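Here's the structure we're looking at; comments come further down.
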Amino acid sequence: MITSEPRLAIVGFGDIAQQHLMAFRALGASVVASANRSPEKRRQAEQAGIGYTYVDPLMMVERERPDGILLTTSALSQFDMVRKMMLCDVPLLIEKPPALSFTDWTVLRKQIEARGVPIMVGLNRRHYSVYHRALQYMGGIHSVTSVSVEWSEDPQKMLDIGHPPEILPALNFANSIHGLDLLIFFAGILRNPEIWGRNLDQFGKSFRWQMSVHGVTERGVRADFQSNWDAPGRWRLLVDAADVRMVSSPLETATLFIRGRTPKTIDPSPEDQRFKPGFYEQASTFLELVRGKSPGWPTASLDEVSADMHLADMLTRACKESLDLPPNYA
1064 MITSEPRLAI VGFGDIAQQH LMAFRALGAS VVASANRSPE KRRQAEQAGI GYTYVDPLMM
1124 VERERPDGIL LTTSALSQFD MVRKMMLCDV PLLIEKPPAL SFTDWTVLRK QIEARGVPIM
1184 VGLNRRHYSV YHRALQYMGG IHSVTSVSVE WSEDPQKMLD IGHPPEILPA LNFANSIHGL
1244 DLLIFFAGIL RNPEIWGRNL DQFGKSFRWQ MSVHGVTERG VRADFQSNWD APGRWRLLVD
1304 AADVRMVSSP LETATLFIRG RTPKTIDPSP EDQRFKPGFY EQASTFLELV RGKSPGWPTA
1364 SLDEVSADMH LADMLTRACK ESLDLPPNYA
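What follows is the structure, given as structure tokens:
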């Protein structure tokens, strides 16, 4: 049991790691070390006030003996890093996604359960204060009757910033996890979901992907997810309960449309205004995990992470494999 303020270490030091750093420091945690292969990232960690930097994360853990570890490496390397760091038997906060396929996640989950390592997957949108305040007004999570998520991506933008085309399916998988998890967070795990996907490029050389999930969850909630890579647009979330609808667009906001009343805008907490939304409460929950307390809702359970990963995997495969073209498409 950790009785003093926890000592944390970070693996990877990009923009997201720095957002975590601010939240944990505000909560009184000490971030004592960082590991990164990049000399520039190690310099950035030093400039951010982290006293010790390493190339080898295992050496960092051996020397520093942290109480908890944040894994913020790239989506492409996260699976290998999680497998490696799990052997340290130190609580882990893992940035999404923990892997880039359902098969790899299944390997990780078996290892997690076999070793009993405390794990928390960083799905920060579950901790948005506007969502929890809206749900309180709507009657709680079990009052939700319908959830719809619109989750579009821009493959050209990914190419423009230098990502090679061959990794775009992996990036789609990684980015979709957040949207799919919002579906499961508000609605529950889907039973026998209907999966559909296609690539409108008949030669399969570009990523004009369209995809959707439809179904009813274990809580009896109607759940819909759709993503379109062939048209501009951003993310939107609709959550319905009796006589009230929450609209979230952009996702960091929430407006309630109440039958017979003026729409009500939900204000975020001071912490969500000061830090990246959701990060403060997520950090607070991880510190409780480090101290030995198992997190409950809203933190994603292993079953919920598995459901996220399975849906993302099925959608990705459907788009990669399908040539379901509309009539007269040229």
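Its first residue numbered 1064, the sequence shown is counted upward by one per residue in the working numbering. Each residue gets a CB set at the ideal place from its N, CA and C atoms; glycine is no exception. None of these values were measured; they are calculated from a predicted model.
Determine the burial state of residue i: buried for a count of at least 16 other Cβ atoms within 10 Å of its Cβ, exposed for fewer.
| i | result |
| --- | --- |
| Gln1336 | exposed |
| Gly1341 | buried |
| Pro1256 | buried |
| Lys1173 | exposed |
| Val1284 | buried |
| Thr1116 | buried |
| Leu1300 | buried |
| Leu1171 | buried |
| Met1122 | exposed |
| Phe1266 | exposed |
| Glu1229 | exposed |
| Glu1158 | buried |
What I want to know is whether the C-beta of residue i ends up closer than 7 angstroms to one or more non-hydrogen atoms of the ligand SAM.
| i | result |
| --- | --- |
| Gly1296 | Because no ligand of any kind appears in the structure shown, any question about the ligand SAM cannot be addressed here. |
Can you give me the Cβ contacts of residue i inside the same chain, cut-off strictly under 6 angstroms, excluding the 5 residues immediately before and after it?
| i | result |
| --- | --- |
| His1083 | Leu1133 |
| Val1124 | Cys1151 |
| Glu1367 | Ile1247 |
Comparing the C-beta of residue i with each C-beta of chain C, is any distance below 8 angstroms?
| i | result |
| --- | --- |
| Lys1356 | Looking at the structure shown, chain C is missing, and only one protein chain is on hand. |
Taking residue i as part of the alpha helix (DSSP H), name the residues at either end of that continuous run.
| i | result |
| --- | --- |
| Thr1379 | Leu1365 to Glu1384 |
| Pro1218 | Pro1218 to Asp1223 |
| Gln1273 | Segment Trp1272 to Thr1280 is the beta strand (DSSP E) holding Gln1273; no alpha helix (DSSP H) there. |
| Ala1108 | Pro1102 to Gln1110 |
| Glu1229 | Element bounds for Glu1229: n/a, residue is neither H nor E. |
For residue i, which residues of its own chain have a beta-carbon under 7 angstroms away from its beta-carbon, when the five flanking residues on both sides are left out?
| i | result |
| --- | --- |
| Gly1359 | none |
| Ala1304 | Met1201, Gly1202, Ser1206, Val1207 and Thr1208 |
| Phe1248 | Arg1189 and Pro1361 |
| Leu1243 | Phe1288, Asp1371, Leu1374 and Ala1375 |
| Asn1291 | Ser1215 and Gln1273 |
| Met1144 | Val1074, Leu1134 and Thr1136 |
| Asp1119 | Ala1098 |
| Ala1393 | Reliability fails at Ala1393, whose pLDDT of 36 lies under 50, so the model's placement of it is uncertain and no value is given. |
| Arg1281 | Sequence check: residue 1281 is Glu here, not Arg. These residues qualify, in order along the chain: Gly1251, Ile1252 and Arg1254. |
| Phe1349 | Gly1131, Leu1156 and Met1183 |
| Ser1385 | Gly1260, Arg1261 and Asn1262 |
| Met1148 | Val1074, Pro1120, Ile1132, Leu1134 and Leu1155 |
| Ser1364 | none |
Excluding the 5 residues flanking residue i on each side, which residues of the same chain have their C-beta closer than 8 angstroms to its C-beta?
| i | result |
| --- | --- |
| Asp1264 | Phe1270 and Arg1271 |
| Val1307 | Tyr1200, Met1201, Leu1319, Phe1320, Ile1321 and Arg1322 |
| Asp1130 | Ile1065, Pro1069, Arg1070, Leu1071, Val1153, Pro1154 and Val1353 |
What is the DSSP secondary structure of residue i, counted as helix, strand or coil?
| i | result |
| --- | --- |
| His1241 | helix |
| Leu1163 | coil |
| Thr1318 | strand |
| Thr1116 | strand |
| Val1061 | The shown model of the chain, from 1064 to 1393, leaves out residue 1061, and the question about it has no answer. |
| Val1254 | The sequence shown places Arg at residue 1254, rather than the Val named in the question. Three-state result, Arg1254: strand. |
| Phe1288 | strand |
| Ala1080 | helix |
| Leu1170 | For the sequence presented, residue 1170 should be read as Val rather than Leu. Helix, per DSSP. |
| Val1180 | coil |
| Lys1356 | coil |
| Leu1346 | With the sequence shown as reference, residue 1346 is identified as Ala, and Leu is not the correct amino acid for it. Of the three classes helix, strand and coil, the one that applies to Ala1346 here is helix, per DSSP. |
| Ala1197 | helix |
| Ala1393 | With a pLDDT of 36 at Ala1393, under the threshold of 50, the modelled position of that residue is not reliable, and the figure given next carries that caveat. Coil. |
| Asp1335 | helix |
| Leu1234 | helix |
| Ala1304 | strand |
| Arg1261 | strand |
| Leu1121 | helix |
| Leu1246 | helix |
Check for me: the beta strand (DSSP E) holding residue i runs from which residue to which?
| i | result |
| --- | --- |
| Val1095 | Ser1093 to Ala1098 |
| Arg1070 | Arg1070 to Val1074 |
| Ile1329 | Run containing Ile1329: none; DSSP gives neither H nor E here. |
| Leu1134 | Gly1131 to Leu1134 |
| Leu1139 | Note, Leu1139: premise wrong, no beta strand (DSSP E); not H, not E. |
**Asked** So, do the segment 1334-1350 and the segment 1175-1194 have three or more beta carbon pairs nearer to each other than 8 angstroms?
**Response** yes
**Request:** Evaluate the contact criterion for the segment 1165-1172 versus the segment 1311-1319: three or more CB pairs, one atom per stretch, below 8 angstroms.
**Result:** no
**Given 8 angstroms, three or more beta-carbon pairs between the segment 1228-1236 and the segment 1365-1384** = yes
**Message:** With three or more beta-carbon pairs closer than 8 angstroms as the criterion, would you say the segment 1068-1081 touches the segment 1099-1107?
**Reply:** yes
**Prompt:** Is there contact between the segment 1083-1100 and the segment 1110-1117, where contact requires at least three CB pairs shorter than 8 angstroms?
**Reply:** yes
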